[in-house]
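Numbering (our numbering), first residue to last: 247 to 334. Backbone N, C-alpha and C define an ideal beta-carbon position, used for all residues, glycine too.
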């Protein structure tokens, strides 16, 4: 999701910068560029929290562990490969 927000912010900024580079400062075209940038920022601010909430709510429901999982790693020592056999 972060890549999409970067893209939206870049598009908003490009429209405003293009209007200014082409000499439309103080004209309606510059105002359109500002409106596009404002809309891009608002969309990012609205969709990012909604996406996070959606992941938090649906993640546990959709990503459940199988009861017959093969040798699940439970301890921190086992996760990094430290056991009684490998201890120094």
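Residue i versus residue j - alpha carbon distance
{"i": "residue 256", "j": "residue 267", "result": "16 Å"}
{"i": "residue 302", "j": "residue 309", "result": "11 Å"}
{"i": "residue 259", "j": "residue 277", "result": "12 Å"}
{"i": "residue 285", "j": "residue 261", "result": "12 Å"}
{"i": "residue 287", "j": "residue 297", "result": "15 Å"}
{"i": "residue 272", "j": "residue 295", "result": "35 Å"}
{"i": "residue 306", "j": "residue 290", "result": "25 Å"}
{"i": "residue 281", "j": "residue 265", "result": "12 Å"}
{"i": "residue 279", "j": "residue 300", "result": "31 Å"}
Endpoints, alpha helix (DSSP H) assigned at residue i
{"i": "residue 283", "result": "274-308"}
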